[in-house]
Amino acid sequence: MKSFKYIISSLLLAGSMGFVLSSCSEDKLDPNSIFPEIDERLDPSSATYQLDVFLRDNYLKPYNLDFRYKMQDVGTNMNYNLVPATYANSVDLAVLTKYLWFDAYAEVVNEDFLKLYGPRIIHLIGSPAYNPTSGTMILGLAEGGIKVSLFRVNEMNINDFYTMNDYYFKTMHHEFSHILHQTKTYPSEFNTVSVGHYDSNNWSSRDEGVVNSLGFVTNYASSEFREDFAESIATFIVLTDKQWERIYDKARRGWESPSDETDFDAVYYCYYYTTNNSGDEADKKYAYESEVNFVYNDDGSIKYMHFKNEKQKGVAPITKGSDGIYRDAKGQVCNAQGYALDAEGNTIPIYVYDVPDKDGVNGPEVIDKKIQICRQWLLDEWGVNLDKLREVVQRRQANYDIEELRKQVYSIN
Amino acid sequence: MKYIKLSLIATLLLAISTSCFKMEEEDIFDDNAVVRLDKAIANYKKILNDKGGKWMLEYYSNSGEAGYIYLMSFNDNGSVTISGKNEFIGEVLVGKTESTFGSESSMWDVIGDNGPVLTFNTYNNIFHIFANPEDIGQTDTDEQGYGHRGDYEFDIMKYSNDTLYLDGKKYEIHMLMTRVDNSVNDEEFFAKLDVTKASFSPLIKELYLTAQSGQRYICTDASTGLWSIYPEGGDKITETQTFNAIVTPTGLRFMRPLSILPEYGDFAVQDFKFDDSGLIAEDGQTTIRTAPLGELFSDIRYSWRINTSLSKGTFLDAYNAVVAGCKSYNSSTLEEINFTNHVVSPITYGAVHFRIKLKSSTNRLNCYLYKETKGSGNDVDITMTGEGDKNALVYRDKVPAMKQFVQLLNDTSFRVETDNPLAPTTVRLIDKNNSENYFTLSLYIPV
Chain V
1 MKSFKYIISS LLLAGSMGFV LSSCSEDKLD PNSIFPEIDE RLDPSSATYQ LDVFLRDNYL
61 KPYNLDFRYK MQDVGTNMNY NLVPATYANS VDLAVLTKYL WFDAYAEVVN EDFLKLYGPR
121 IIHLIGSPAY NPTSGTMILG LAEGGIKVSL FRVNEMNIND FYTMNDYYFK TMHHEFSHIL
181 HQTKTYPSEF NTVSVGHYDS NNWSSRDEGV VNSLGFVTNY ASSEFREDFA ESIATFIVLT
241 DKQWERIYDK ARRGWESPSD ETDFDAVYYC YYYTTNNSGD EADKKYAYES EVNFVYNDDG
301 SIKYMHFKNE KQKGVAPITK GSDGIYRDAK GQVCNAQGYA LDAEGNTIPI YVYDVPDKDG
361 VNGPEVIDKK IQICRQWLLD EWGVNLDKLR EVVQRRQANY DIEELRKQVY SIN
Chain R
1001 MKYIKLSLIA TLLLAISTSC FKMEEEDIFD DNAVVRLDKA IANYKKILND KGGKWMLEYY
1061 SNSGEAGYIY LMSFNDNGSV TISGKNEFIG EVLVGKTEST FGSESSMWDV IGDNGPVLTF
1121 NTYNNIFHIF ANPEDIGQTD TDEQGYGHRG DYEFDIMKYS NDTLYLDGKK YEIHMLMTRV
1181 DNSVNDEEFF AKLDVTKASF SPLIKELYLT AQSGQRYICT DASTGLWSIY PEGGDKITET
1241 QTFNAIVTPT GLRFMRPLSI LPEYGDFAVQ DFKFDDSGLI AEDGQTTIRT APLGELFSDI
1301 RYSWRINTSL SKGTFLDAYN AVVAGCKSYN SSTLEEINFT NHVVSPITYG AVHFRIKLKS
1361 STNRLNCYLY KETKGSGNDV DITMTGEGDK NALVYRDKVP AMKQFVQLLN DTSFRVETDN
1421 PLAPTTVRLI DKNNSENYFT LSLYIPV
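Protein sequence lines correspond, in order, to chains V and R.
FYI, the numbering for the first sequence is 1 to 413, going by my numbering.
FYI, the numbering for the second sequence is 1001 to 1447, going by my numbering.
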């Protein structure tokens, strides 16, 4: 009886399961897509036809790259308040990006390089992405090796080379460096070069001279090693020889600030002097480079530095001796105006000295080391000669004719 | 126990089988969601381009600022010309915080998102200023990263009666976009709108909103577009609420329905149209008015200056007689007669103020003859007290026309009228018995 009940129960269960399964059977799939077919032909009557044709022919077809100049906020971080780019600046940036980035790589490596490794989307944003909490702004983003966002497009001033370099050209190479190292990792040795000197929270308030001296090319490079890597490559590529030498000059110096270390607005100096050449630490003052005069030896080395428009004064009271010579309270010979005189009878300048470099880092050596790691990695992993790339980009940056480049868009019929 | 087990198994099987049971239902929609969205996008593009494609957008960036009108001319080539007139456009175009007209073309599209979205997807200097995350500059706070927090993409909620109902996509403020005749000239449109905006004057300190229940609310700052409203008899500090509004060609629209302190009587109105006396809401009963003109004229917070070129009859004759009398008395020149308030601490006297330039001096002599003014509805009675300050008493004795002038005021019953019911900064003080006799007076702020 017990087995009979078991059989009945099993039959019931099997029958029910059969019913359940049959009730869940699927319909046949509709062979027609629910998505309407997209007509990819461009409409010649469209107000943006010229740029759209340029982008199709120069980015979409050769690189399978969607160059988005019409803002799509779903393609951005919605936590930021952002605005679209202007059409005119989008045209300029489209032709410049091609000329200074894509064509430069094509010249240095080959045309397939960016087809293989370039981003699939470039998204132009009119405004910066401000972070009001930290007081920073984002100029560019590289996301997953796929997409590069370029911000602040509406503030572009095509005639301001340095700003163009800093905000846009450098950003392109910076973000592409991210894409490359997100694809093939760079040597971990790079991360050890400046270990202990990164500051991810306060990098934006760090003085450029101070971070150069610590071996970073920019203060953003000092935020973390991945940014350091991208900044090192991008800065090396786009900065002129003069600008690059300036970084080295600041890197080899020592920097001090009269302000407390916790002062985010602290100004740092690399020159100091003491009031009236007293030599006392208590009389220590700092000078900007523009306030310093340099006196050179015949061999071109610096003989001494002095504070502009200021001379050593005698210590009051200044009295005229019976010999007709003025002397101060310490017996120092002075002129009638009370300025101290040296043995030759010349007034004595206020001497200026270099602030000693106490950070324990040889800035230029560290920067060199990082650039060398980048150089070797680009060559070994990507076949990119960094020095040649820099040379090509420098030539293109220095010589581009925006009017000619624009014709690529505005002459399209 | 066995029955319980069997029952449980049976119930379980029934539940499983019915949970997957295939129901044949009628499709609610004719097409799938993608096709419907695509159709909606095409439909809204057509609507926007139809009939010349010109629209008026009532735009609010946030609840703490006035709203602004934009005119948008949509073109089916993907471009849109946007015109506006406000002080932020002035900052962009002329570097000054003054209301300035501007017009610029950029791109638009209707895209699919959660639904059809109207987007202005390339930057327009006239329009995107409210979405730009830069510091506003006119405020004490730092808005960098936020700006005005205005939207430039809008969920299209529905279309009805030549009106598109939009929701700002990010900040979700409801806005209206209504079709405008394509022949409208943008600059002329905004010039006319300026005239309409002058319906609200900063000189008029209060307007009164009267709800259906009869409860009155006091409205201040109407001319700024950011109204402060509190119940009459209520606490101004704790019960004031602010509502931002847009002046439209036909009236006033608040960003959100006025729903003020339910304990004073629940009501919710948002749209007001101009009528002969001010504004009336869509419910046909809620109104916004000034105080009755007689009361307004009598209010000691206001001072009025006679405009002789717009005055007439025996009143103008009496005025001119004072001018002649002053000249005759000591060659002095009567420059103004004002209805003002004269402060002789601690008392403030209502006064008829004669401002006289003496022949031998560049200084002006101020003469105050005291009065009391009583207003009721649109009527006013002026009673001269017979007193005045020292200067006035001397002149009144020496210039008989001055005495006759104030006697005329004393003897006349007046009615007050205006052409601008919400901003009666210019009124006519009319002899109730003879409408050919009147003074025209303008509000002014005594220095």
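Note that beta-carbon positions come from the ideal geometry of N, C-alpha and C, so glycine has one too.
Which listed residue (the options) has its alpha carbon closest to that of residue i
i, options, result
"Y1123 (chain R)", "R:L1048, R:N1114, R:M1107 and R:S1277", "R:M1107"
"Q337 (chain V)", "V:R327, V:A343, V:G331 and V:E344", "V:R327"
"D1275 (chain R)", "R:G1251, R:S1360 and R:R1256", "R:G1251"
"V1343 (chain R)", "R:I1280, R:N1366 and R:S1332", "R:N1366"
"L1057 (chain R)", "R:R1305, R:S1331 and R:Y1152", "R:Y1152"
"L150 (chain V)", "V:N202, V:L96 and V:T192", "V:L96"
"Y1059 (chain R)", "R:S1105, R:M1175, R:A1042 and R:N1433", "R:M1175"
"V366 (chain V)", "V:H178, V:N165, V:I350 and V:V217", "V:V217"
"Y288 (chain V)", "V:P258, V:K311 and V:V153", "V:P258"
"S1345 (chain R)", "R:S1331, R:D1283, R:D1389 and R:V1035", "R:D1389"
"Y351 (chain V)", "V:L378, V:K308 and V:L93", "V:K308"
"T1242 (chain R)", "R:P1446, R:V1427, R:G1064 and R:P1421", "R:G1064"
"Y121 (chain V)", "V:Y59, V:V267, V:L139 and V:D92", "The sequence shown places Ile at residue 121 (chain V), not Tyr. It is V:Y59 whose Cα lies nearest to the Cα of I121 (chain V)."
"F1088 (chain R)", "R:S1079, R:H1148, R:L1048 and R:A1033", "R:H1148"
"D387 (chain V)", "V:D263, V:Y69 and V:F236", "V:F236"
"I1382 (chain R)", "R:L1409, R:N1434 and R:D1397", "R:L1409"
"H181 (chain V)", "V:P132, V:K313, V:Y162 and V:F229", "V:F229"
"S1442 (chain R)", "R:I1337, R:T1119, R:T1348 and R:V1380", "R:I1337"
"V1269 (chain R)", "R:H1353, R:G1233 and R:P1257", "R:P1257"
Contact set between residue i and chain V, taken where Cβ atoms lie within less than 8 angstroms
i, result
"N1121 (chain R)", "K70, M71, Q72 and P84"
"A1040 (chain R)", "Those within 8 angstroms of A1040 (chain R) in chain V number zero; the least Cβ separation is about 13 angstroms."
Contacts that residue i makes with chain V (C-beta to C-beta distance below 7 angstroms)
i, result
"S1079 (chain R)", "A47"
Residue span of the beta strand (DSSP E) that contains residue i, given as start and end
i, result
"P1457 (chain R)", "The requested residue 1457 (chain R) does not occur in the structure, where chain R is confined to residues 1001 to 1447."
"L1408 (chain R)", "Where L1408 (chain R) is concerned, there is no enclosing beta strand (DSSP E), although the alpha helix (DSSP H) it sits in stretches over P1400 to D1411."
"A1351 (chain R)", "I1347 to K1357"
"C1219 (chain R)", "R1216 to T1220"
"I1047 (chain R)", "From DSSP, I1047 (chain R) is part of no beta strand (DSSP E) but of the alpha helix (DSSP H) over A1033 to N1049."
"F54 (chain V)", "Careful: F54 (chain V) lies outside any beta strand (DSSP E), inside the alpha helix (DSSP H) at Y49 to L55."
"G1278 (chain R)", "G1278 to A1281"
"T1242 (chain R)", "Q1241 to V1247"
Residue i: contacting residues in chain V (beta-carbon distance under 9 angstroms)
i, result
"R1149 (chain R)", "N81"
Chain R residues whose Cβ lies nearer than 7 angstroms to that of residue i
i, result
"N157 (chain V)", "Result: empty, since nearest Cβ-Cβ is about 15 angstroms, beyond 7 angstroms."
"Y87 (chain V)", "S1106, M1107 and T1122"
Opening and closing residue of the alpha helix (DSSP H) in which residue i lies
i, result
"E227 (chain V)", "F225 to V238"
"T1286 (chain R)", "Careful: T1286 (chain R) lies outside any alpha helix (DSSP H) and carries neither H nor E."
"P364 (chain V)", "G363 to W377"
"V1322 (chain R)", "G1313 to N1330"
"N1363 (chain R)", "Counting along the chain, N1363 (chain R) falls outside any alpha helix (DSSP H), and DSSP gives it neither H nor E."
"T192 (chain V)", "E189 to V193"
"E417 (chain V)", "Any property of residue 417 (chain V) remains undetermined from this structure, which presents chain V solely from 1 to 413."
"H174 (chain V)", "K170 to T183"
Any non-hydrogen atom of the ligand FMN closer than 8 angstroms to residue i Cβ
i, result
"Y351 (chain V)", "Within the structure as shown, the ligand FMN is missing, as the structure has no ligands at all."
Using Cβ-Cβ distances below 9 angstroms, what residues of the stretch 121 to 149 of chain V are close to chain R? Residues of the stretch 121 to 149 of chain V that bring their beta carbon within less than 9 angstroms of a beta carbon in chain R comprise G126, S127, P128, A129, Y130, N131, P132, T133, G135 and M137, in sequence order.
Given a limit of 9 angstroms on CB to CB distance, which residues of the stretch 66 to 80 of chain V reach chain R? Residues of the stretch 66 to 80 of chain V with a Cβ closer than 9 angstroms to any Cβ of chain R, in chain order: Y69, K70, M71, Q72, D73, V74, M78 and Y80.
Give a yes or no on contact between the stretch 1197 to 1206 of chain R and the stretch 1164 to 1183 of chain R, applying the rule of three or more CB pairs nearer than 8 angstroms. Using a C-beta cut-off of 8 angstroms, the stretch 1197 to 1206 of chain R makes no contact with the stretch 1164 to 1183 of chain R, since fewer than three inter-stretch Cβ pairs fall below that distance.
Just checking, does the stretch 1184 to 1191 of chain R make contact with the stretch 1077 to 1088 of chain R on the three C-beta pairs under 8 angstroms criterion? With the cut-off at 8 angstroms, the stretch 1184 to 1191 of chain R and the stretch 1077 to 1088 of chain R touch.
Residues within the stretch 152 to 179 of chain V neighbouring chain R, beta-carbon criterion of under 9 angstroms: If the cut-off is 9 angstroms between Cβ atoms, the stretch 152 to 179 of chain V has V153 and N154 near chain R.
Which of the residues in the stretch 1090 to 1114 of chain R, read from start to end, lie with their CB under 9 angstroms from any CB of chain V? Taking 9 angstroms as the cut-off between beta carbons, the residues of the stretch 1090 to 1114 of chain R near chain V are S1105, S1106, M1107, D1109, I1111 and D1113, in sequence order.
Between the stretch 1145 to 1177 of chain R and chain V, which residues of the former have CB atoms less than 8 angstroms from a CB of the latter, in chain order? Residues G1145, Y1146, G1147, R1149, Y1152, E1153, K1169 and K1170.
Report the residues of the stretch 1127 to 1146 of chain R with a CB closer than 7 angstroms to any CB of chain V, ordered along the chain. So the list reads H1128, A1131, N1132, P1133, Q1144, G1145 and Y1146, given in the order they occur along the chain.
Whether or not the stretch 50 to 68 of chain V and the stretch 1092 to 1112 of chain R are in contact is what I'm after, with contact meaning three or more pairs of Cβ atoms, one per stretch, closer than 8 angstroms; do they touch? Segments in contact, no.
Would you check if the stretch 41 to 51 of chain V and the stretch 1056 to 1071 of chain R touch, i.e. whether three or more CB-CB distances between them fall below 8 angstroms? Cβ pair count under 8 angstroms is below three, so no.
Using a Cβ distance threshold of 8 angstroms, determine whether the stretch 83 to 96 of chain V contacts the stretch 104 to 116 of chain V, with at least three qualifying pairs required. Counting Cβ pairs under 8 angstroms, fewer than three are found: no touch.
Would you call the stretch 1356 to 1373 of chain R and the stretch 1390 to 1401 of chain R touching, i.e. three or more CB-CB distances under 8 angstroms? With the cut-off at 8 angstroms, the stretch 1356 to 1373 of chain R and the stretch 1390 to 1401 of chain R touch.
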